[in-house]
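Please read the structure below before turning to the comments.
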């Protein structure tokens, strides 16, 4: 066990936290306090991180956002210092949810992506799934429905592969609700209804609490969109029966806000007032101004519908005042994020640099999207290594630049789609010739680069001429070419052994000069030379 090294008293406190979290807030906070006091005396970062995290989680469930942020900010650096990566990822997830509820989506996105980096690095599948679900919901709220769907599909695969207990039902319910909500937003209610059926078939009787409440809210909206008023009203009745003041408002606010909008739209005042009677005091207890402002917006709509002008004007004034306060809250959110950043910087500067390097590598895709050949990034890395080996071992290196003859005329007359297909067919021939001595990449447009390593001039020429012949054998019609009535290529090759003062891009310059020579003289041909020949071309 992770905490087996501690004495019996400390282990009892830790077990007490596990047993009472989510059920008995008072006991949880008492155990966390005892652990904190002990850890402060011992200067134990691991126990401090544990105590602050579970205190923060408890305040989150109690809807006490200020105490939550106080504890989570203190806890993250200790968790990071003591390598408690699961709790680090969960902390970022909770901070992101709170940032969304405070109306600060960019900060939330930053928190989510930071949490995902920890999940990826340390193989935290369950935490990755939770964050993926929440990222999907964030993209839904921003109107990025296809991106949201990508996250939901990804985490759905994780749930079915890695989670095998009751958590599976809770998580897959969240995934299906997210997928279905995306289709609702895209005015595709029949496809949304499919996810209602999936939840009913796979998870019925296996979910409760906020997952069940969230499902009822989702189902009510789907039934309304598909014209099933009776089923919609039954969902609303169950929501009104089951909603209570113990719900964690930050986890369920969005669902209840949407159902409140629906209740206003269909004129169900009794149900609206029932939901608002629970939602409004919890929102004020949370002290999250953005949520309070959204509650006021619902009340404004309600008063306007009922022509209650006095109440309408009073609520409008409240909305304005909260909007001003919200600007200050956003500044506080930014300050909190900076505090967290500074703590992590002190605790783990080197780790952060490694993670940033990994992010850059992930962002720098090495494959050309159209042809699936290597792109320029991959070419640069490969060329540097190949050149270094050839220079060190004094072995031959050849670089070829080729392009498609009169490709502009092909594109202009046959269209860009046909042009793309032409490029893909050329790339297919290059892909087939690749081996441990031949490397091919798309350089851009209709230009390709081929590197030949440790081959004789005769072998390189034979390979290049064979490529040109195979492309002619494709017999791609090109009525607008001045070379032939089919697609052809022109090739320039620099073959040499790199010397100490030679740079890798000297080969590229020389190959380009050879290609220029071919195109100036004719097309559908090949020119091959050495570095010294480039100035003569």
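Residue numbers (this note's numbering): 713 to 1249. Just so you know, even glycine gets a beta-carbon here, dropped at the ideal spot from N, CA and C.
Inter-residue spacing [alpha-carbon to alpha-carbon] between residue 855 and residue 901: For the pair residue 855 and residue 901, the Cα-to-Cα distance works out to about 17 Å.
Same chain only: Cβ atoms within 8 Å of residue 817, ignoring 5 sequence neighbours per side: 811, 850, 853 and 854
Residue 1154, enclosing beta strand (DSSP E) - first and last residue: 1150–1156
Paired residues, beta bridge with residue 1240 - DSSP: In the DSSP assignment, residue 1240 forms a beta bridge with 1205.
Inter-residue CB distance, residue 772 and residue 960 (contact presumed, cutoff 8 Å): 7 Å
Cβ contact (3+ pairs, closer than 8 Å) linking the stretch 1152–1164 and the stretch 1112–1123: yes
Under the three-state DSSP convention, the category residue 1121 falls into: helix
Exposed unless 16 or more other CB atoms sit within 10 angstroms - verdict on residue 724: exposed
Buried versus exposed, by CB contacts within 10 Å (16 or more), residue 721: exposed
Contact check, residue 758 vs residue 790, beta carbons under 9 Å: yes
Limits of the alpha helix (DSSP H) - the one that residue 1192 falls within: Counting along the chain, residue 1192 sits inside no alpha helix (DSSP H), nor does DSSP assign it H or E at all.
Inter-stretch contact at 8 Å, needing at least 3 Cβ pairs: the stretch 1187–1195 / the stretch 1147–1156: no
Whole-angstrom distance between residue 1119 and residue 1130, CA atom to CA atom: 11 Å
Alpha carbon of residue 741 to alpha carbon of residue 787, nearest angstrom: Straight-line Cα distance between these residues: approximately 14 Å.
Backbone CA spacing between residue 1149 and residue 1164 [nearest angstrom]: 6 Å
Expected contact under 8 Å - CB spacing of residue 907 and residue 892 to nearest Å: 3 Å
Exposed unless 16 or more other CB atoms sit within 10 angstroms - verdict on residue 957: Exposed: under 16 other Cβ atoms inside 10 Å.
Beta-carbon proximity of residue 848 to residue 864, cut-off 9 Å: yes
Bridge-paired residues (DSSP) for residue 1165: In the DSSP output, where bridge partners are listed per residue, residue 1165 has 1109.
Endpoints, the alpha helix (DSSP H) within which residue 1246 is located: That residue, residue 1246, is in no alpha helix (DSSP H); it is neither H nor E in DSSP.
Assigned secondary structure, residue 1116 (DSSP; H/G/I helix, E/B strand, else coil): strand
Simplified DSSP assignment, three categories, for residue 955: It is coil, neither helix nor strand.
Integer-rounded CB distance, given that residue 1201 should sit under 8 Å from residue 1116: 6 Å
Length of the line joining the Cα atoms of residue 984 and residue 1015: 12 Å
Nearest-angstrom Cβ-Cβ length linking residue 935 and residue 951, presumed shorter than 8 Å: Not a contact, Cβ separation roughly 12 Å.
Whole-angstrom distance between residue 1087 and residue 1166, CA atom to CA atom: 22 Å
Reference residue 1143, options 1175, 1126, 833 and 862, closest by Cα: 1175
Option in 833, 1220, 1102 and 768 with minimal Cα separation from residue 1069: Out of 833, 1220, 1102 and 768, 833 has the C-alpha closest to the C-alpha of residue 1069.
Sub-9 Å separation of residue 761 and residue 732 beta-carbons: no
Contact test: residue 1126 Cβ vs the ligand COA heavy atom, cutoff 8 Å: Only the bare structure without any ligand can be found here, which leaves the ligand COA out of the picture.
Of the listed residues 752, 1171 and 774, nearest to residue 962 (C-alpha basis): Residue 774 is the option with its Cα nearest to residue 962.
Rounded straight-line distance, which links the Cα of residue 943 to that of residue 978: 14 Å
Cβ neighbour criterion (16 or more within 10 Å) applied to residue 766: buried
Per-residue burial, residue 748 [other beta carbons within 10 Å of its own, 16 or more giving buried]: buried
Segment limits, alpha helix (DSSP H) that includes residue 854: Taken as a continuous stretch (DSSP letters only), residue 854 belongs to no alpha helix (DSSP H), as it is neither H nor E.
DSSP-derived helix/strand/coil call for residue 1159: strand
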